[in-house]
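Which chain is which? The protein sequence lines are R and F, in order. The first sequence begins at 19 in the working numbering and counts up one residue at a time. The second sequence begins at 163 in the working numbering and counts up one residue at a time. Think of the CB as a built atom: it goes at the ideal place given N, C-alpha and C, for glycine as much as any other residue.
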Amino acid sequence: MSNINLVNINKNYRDVAALKNVNLTFERNKIYGLLGRNGAGKTTLLNILSNRIFPTSGQVVIDDKNINDIPKQISNIYLSGESNLLPESMKVKEIFKWTKEFIPSFDGELALRLAQAFELPIKKRVQSLSTGYLTILKDILALCANTEFVFFDEPVLGLDANHREMFYKFLLECYVNNDSTYVVSTHHIDEVANIIENIIIINEGSIIRDTTCESLLSEGYTISGKIEDVDKYIADKNVIGFDTLANTKSAYILSAEKITELPESLQVSRINLQKLFIELTKKEASK
Amino acid sequence: MRLNPDSQKPLYLQIAEQIEEDIFLGRLEEETQVPSTNEVALGYQLNPATVLKGMNILVDERVIYKKRGIGMFVCTGALNNIKQKRQNNFYAEYVDSLVAEAKKLNIEREEIIKMINRRYIDE
Chain R
19 MSNINLVNIN
29 KNYRDVAALK
39 NVNLTFERNK
49 IYGLLGRNGA
59 GKTTLLNILS
69 NRIFPTSGQV
79 VIDDKNINDI
89 PKQISNIYLS
99 GESNLLPESM
109 KVKEIFKWTK
119 EFIPSFDGEL
129 ALRLAQAFEL
139 PIKKRVQSLS
149 TGYLTILKDI
159 LALCANTEFV
169 FFDEPVLGLD
179 ANHREMFYKF
189 LLECYVNNDS
199 TYVVSTHHID
209 EVANIIENII
219 IINEGSIIRD
229 TTCESLLSEG
239 YTISGKIEDV
249 DKYIADKNVI
259 GFDTLANTKS
269 AYILSAEKIT
279 ELPESLQVSR
289 INLQKLFIEL
299 TKKEASK
Chain F
163 MRLNPDSQKP
173 LYLQIAEQIE
183 EDIFLGRLEE
193 ETQVPSTNEV
203 ALGYQLNPAT
213 VLKGMNILVD
223 ERVIYKKRGI
233 GMFVCTGALN
243 NIKQKRQNNF
253 YAEYVDSLVA
263 EAKKLNIERE
273 EIIKMINRRY
283 IDE
């Protein structure tokens, strides 16, 4: 199994277009970040990628074949979804055994090791887990799936800062140790920026960016200095936001051009990705 | 290794510079093994592709080389090459900024030369 390609995908729910003419390629052995606001179409996209729902038009193509014609390949795809499909009354350790039945590549030993690291109580039943621990359980199942493609829908939902960091650490570990492709949907762009290689931004059903993190970072920069100096510099620039503190100001500038002449009183630093993301996905009306 | 995520400088360049610095300071000796891409990636929570890109800059500059199936090693003569490169960059890196700062502070040319001489006498 090689790449997964989405070709001219449209998905309508009654008269609402959830996905509009989406064309994407997911290559083997990469980590992708799928970013979008609430309702942008992230979950719909992941559900189509893993053949849980069908597109209204267009197709999912693997090795030049439509995904529907190669049912065996679907077992090479694991989706850790938003909706909870786990049997409520089962204990965590039973879930691990049960998952192994369905996914032969599932690494049960790793699952136990991760459960211990996250302090997930394996004797508890699914129904008695908190929101955070339910997410952790789903994350562990996906991290240990060892399928060729692993899709995470909001893997840090309800996790505290500590657990989020642990999740990213284990994600990298799994990525380094096998040649799976991981796709992570999230709103936390700054948290994932360093660990993902490619970034896909979806807005109102359309793909607005499909690029490397590095080239997204080159779309802008931050300028800081004294308020007057910064204001003078940014007068003819495309400013997407700013912060002021006492008499200093940081302005976030959108510009693909290299900085040529910078007054000595100003400092330049990396663009704030979160600000860039907010700007790119703003509704026209609120601009 | 110290990386600055807020710097305008891309992370892969920072990685290349930090490994170079480790060799320059003698923390990594010639013909010793450089930490692997995966070790650096896991240690600093970075995508391995970013780390590899940084390493490849040093491979192109003949500072490190790849031993098939084993990993990356520091080249013989790497330290000399790095010193040579830094000597070439010395004017742009240090003299330029020294003079620029001195001008801002109205420090005269003669005064700078005196300071440099004093620094040598103190040694």
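Counted as a single uninterrupted DSSP element, the beta strand (DSSP E) harbouring Phe170 of chain R occupies residues 167-171. With a threshold of 8 angstroms between beta carbons, Tyr251 of chain R makes no contact with chain F.
The beta strand (DSSP E) runs lying completely inside the region 196-257 of chain F and spanning 3 residues or more are 226-229, 233-236, given in chain order.
The beta carbons of Val194 of chain R and Pro173 of chain R sit about 18 angstroms from each other, so the pair does not count as a contact at 8 angstroms. Under the three-state reduction of DSSP, Val210 of chain R is assigned to helix. The C-beta of Pro197 of chain F comes no closer than 8 angstroms to any C-beta of chain R. Listed as beta-bridge partners of Val34 of chain R by DSSP are R:Tyr31. DSSP places Gly126 of chain R within a helical segment (H, G or I) once states are collapsed to three. Scanning chain F for C-beta atoms nearer than 8 angstroms to the C-beta of Glu191 of chain R yields Leu204, reported in chain order. Taking Ile245 of chain R as reference, the option from R:Phe260, R:Glu237, R:Lys255 with the minimal CA-CA separation is R:Phe260. Going by DSSP, Thr117 of chain R is part of the alpha helix (DSSP H) stretching over 110-120. Of the other Cβ atoms in all chains shown, fewer than 16 fall within 10 Å of the Cβ of Phe252 of chain F; this residue is therefore exposed.
Between the beta-carbon of Met19 of chain R and that of Gln91 of chain R there is about 6 angstroms, and that keeps the pair under the 8 angstroms contact cut.
Judged by pairs of C-beta atoms under 8 angstroms, the region 55-66 of chain R touches the region 213-229 of chain R, as three or more such pairs exist.
Here the alpha carbon of Leu280 of chain R sits roughly 24 angstroms from the alpha carbon of Glu179 of chain F. At least one CB of chain R lies nearer than 8 angstroms to the CB of Leu173 of chain F. Within the region 59-83 of chain R, complete beta strand (DSSP E) segments of at least 3 residues are found at 75-80, given in chain order. Rounded to the nearest whole angstrom, the CA to CA distance from Thr238 of chain F to Glu137 of chain R is 48 angstroms. Residue burial annotation: Asp157 of chain R is buried, with at least 16 other C-beta atoms found within 10 angstroms of its C-beta.
In the DSSP assignment, the residues bridged to Leu52 of chain R are R:Ser203, R:Ile218. If the five residues before and after Lys215 of chain F are omitted, its C-beta is found closer than 6 angstroms to the C-beta atoms of Tyr174, all from its own chain and listed in chain order.
Using a CB distance cut-off of 8 angstroms, Ile121 of chain R does not count as an interface residue toward chain F.
In terms of Cα proximity to His205 of chain R, the closest of R:Trp116, R:Arg182, R:Asn56 is R:Asn56. Just so you know, the alpha carbons of Gln77 of chain R and Val25 of chain R end up roughly 5 angstroms apart. Judged by DSSP secondary structure, Asp197 of chain R falls outside any beta strand (DSSP E); it is assigned neither H nor E. Within chain F, Pro172, Leu173, Tyr174, Thr212, Lys215 have C-beta atoms less than 9 angstroms from the C-beta of Glu232 of chain R, given in sequence order.
For the region 197-217 of chain R, the set of positions with a beta-carbon nearer than 7 angstroms to some beta-carbon of chain F reads Asn212, Ile213, Ile214, Glu215 in chain order. With respect to Thr266 of chain R, Gly243 of chain R sits close: the two C-beta atoms are nearer than 8 angstroms. At a cut-off of 8 angstroms between C-beta atoms, Arg182 of chain R does not count as an interface residue with respect to chain F. In this structure, the straight-line span from the alpha carbon of Ala269 of chain R to that of Tyr50 of chain R is close to 29 angstroms. Taking each of R:Gly54, R:Arg32, R:Asn30 in turn and checking the Cα distance to Ile225 of chain R, the smallest one comes out for R:Gly54.
Leaving aside the five residues that flank Val213 of chain F on each side, the residues in its chain whose CB is nearer than 7 angstroms to its CB run, in chain order, Ile177, Thr199, Val202, Ala203. According to the DSSP assignment, Leu190 of chain F belongs to no beta strand (DSSP E), since it is labelled neither H nor E.
Under the three-state reduction of DSSP, Asn23 of chain R is assigned to strand. DSSP places Arg227 of chain R inside the beta strand (DSSP E), whose first and last residues are 224-230. Straight-line measurement puts the Cα of Leu177 of chain R at about 26 angstroms from the Cα of Arg70 of chain R.
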